[in-house]
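Mapping of the sequence shown onto the working numbering: position 298 corresponds to residue 298, and the numbering continues sequentially without gaps.
A virtual CB, placed ideally from N, CA and C, is assigned to each residue, including glycine.
Input: a single structure, listed below in structure tokens.
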Amino acid sequence: MSEFGVFTLFSFGLAAVILFLGVKSVPQGNEWTVERFGKFTRSLRPGLNLIVPVVDRIGNKLNMMEQVLDVPTQEIITKDNAMVSVDGVVFYQILDSAMAAYEVNNLQYAILNLTMTNIRTVMGSMDLDELLSKRDDINARLLTVVDEATTPWGVKVTRIEIKDISPPTDLVESMARQMKAERDKRAAILEAEGQRQAEVLKADGEKQATILQAEGEKEAAFREAEARERLAEAEANATRMVSEAIAQGDVQAVNYFVAQKYVEALQTIGTAPNQKLIFMPVEASGVIGAIGGVAELAKTAMDKNKA
């Protein structure tokens, strides 16, 4: 092979090597930084890119997709001096590859330590009850602080979540006893309230029954008084009629009164509970005569009415 052939072959080989070194294929979701003599010049986007071989080189290969970083468990002392174990997770995404590559050394380590420090700061300023009941507030406060601190690094912290808050065992048992006592208290209050309501309803029912009974007795008394009034009116009319008859010289009217009182006396004696057997002379003819006088008196009254 001649020298020209060797040179041509060498030239083609060198061109192939230079072409291979100058062509870069960046995967989707990644960006590569390009350094020229150690200085950052530009970033390579996903796809086929060309650089100047020997002069340019790839500095850092960065993942531009959202990434997850686990926050290890750490001990935290709360505002009320309770020791709790806390862990979490951080979601972040690189927005500027150059800043993420050259503004901070070891980006993940920096984000992790920043998050752990702020977890201690935020949760250490709260009581234990607040830690257990306001987890969303804790996440929001941590996200605001950490995202603001990582902005100069070209990073966007999208979410911070506290995964687990573990108080000591003795504290958990104490909280369980406290919860049980609170529930027993609420149950006792509800039971007492139910009993009080039942007593109120019972008293109201008795009140209504008493009112109805009183109204019934009032109505009965009114009707009884009305009956007595009518009876008295009837007796007055009878007495007036008899008095008029006596005034006119009718002896049968006197016999009517005598017979009426005679019969009433016999009825009273006969219905007395302490009287079982009575021996007394009774003039049957006198009673019959009085009854006959009553009949005569009634007949006379009817004749006057017809007249």
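Checklist entry - Any idea what DSSP makes of residue 210, helix, strand or coil? => result Three-state result, residue 210: helix.
Checklist entry - Can you tell me the Cα-Cα spacing of residue 85 and residue 57, whole angstroms? => result If I take the Cα positions, the gap works out to 46 Å.
Checklist entry - Expressed to the nearest angstrom, what Euclidean distance is found between the alpha-carbon atoms of residue 209 and residue 222? => result 20 Å
Next on the checklist: Output needed for residue 18: all residues of its chain with C-beta closer than 7 Å, excluding positions within five of it in sequence on either side, in chain order.
Outcome noted: 53
Next on the checklist: What ranges does the beta strand (DSSP E) occupy inside the region 46-120, keeping only unbroken runs of at least 3 residues that lie completely in it?
Outcome noted: 47-50, 56-63, 67-77 and 83-94
Next on the checklist: Using the three-state DSSP reduction, which class does residue 12 fall into: helix, strand or coil?
Outcome noted: helix
Next on the checklist: Give the list of continuous beta strand (DSSP E) stretches no shorter than 3 residues that lie fully inside the region 131-175.
Outcome noted: 155-166
Checklist entry - Which residue from 201, 108 and 139 puts its Cα closest to that of residue 67? => result 108
Next on the checklist: Assuming residue 72 and residue 46 are in contact, meaning their beta carbons sit under 8 Å apart, how far apart are those beta carbons, in whole angstroms?
Outcome noted: That belief does not hold up - the Cβ atoms of residue 72 and residue 46 are roughly 33 Å apart, past 8 Å.
Checklist entry - Going by the beta-carbon positions, is the gap between residue 30 and residue 64 smaller than 8 Å? => result yes
Item to check | Cα-Cα separation, residue 132 to residue 91 | outcome: 22 Å
Checklist entry - Does the region 177-184 come within contact of the region 139-155, defined as at least 3 CB pairs closer than 8 Å? => result no
Item to check | Reduced DSSP secondary structure (H/G/I, E/B, other) of residue 222 | outcome: helix
Item to check | Per DSSP, cross-strand counterpart(s) of residue 35 | outcome: Looking at the DSSP assignment, residue 35 forms a beta bridge with 40 and 57.
Item to check | Residue burial classification, residue 334 (beta-carbon count within 10 angstroms, cutoff 16) | outcome: The requested residue 334 is not part of the displayed model; the chain covers only 1 to 307.
Next on the checklist: To the nearest angstrom, how far is the alpha carbon of residue 128 from that of residue 135?
Outcome noted: Separation of residue 128 and residue 135 (C-alpha to C-alpha, rounded to the nearest whole angstrom) is 11 Å.
Checklist entry - When the distance is taken between beta carbons, is residue 24 closer than 8 Å to residue 44? => result A contact, by the Cβ cut-off of 8 Å.
Next on the checklist: Less than 6 Å between C-beta atoms, sequence neighbours within five positions excluded: which residues of the same chain meet that for residue 41?
Outcome noted: 34
Checklist entry - Skipping 5 residues on each side, what residues in its chain have a beta carbon closer than 7 Å to that of residue 83? => result 75, 77 and 168
Item to check | Nearest to residue 21 (by Cα), restricted to the options 70, 211, 124 and 50 | outcome: Relative to the Cα of residue 21, the nearest Cα in the group 70, 211, 124 and 50 belongs to 50.
Checklist entry - DSSP state of residue 284, grouped into three classes? => result Unreliable placement is indicated for residue 284, whose pLDDT of 46 sits below 50; the coordinate value is still reported in the next sentence. Here DSSP, grouped into helix, strand and coil, assigns residue 284 to helix.
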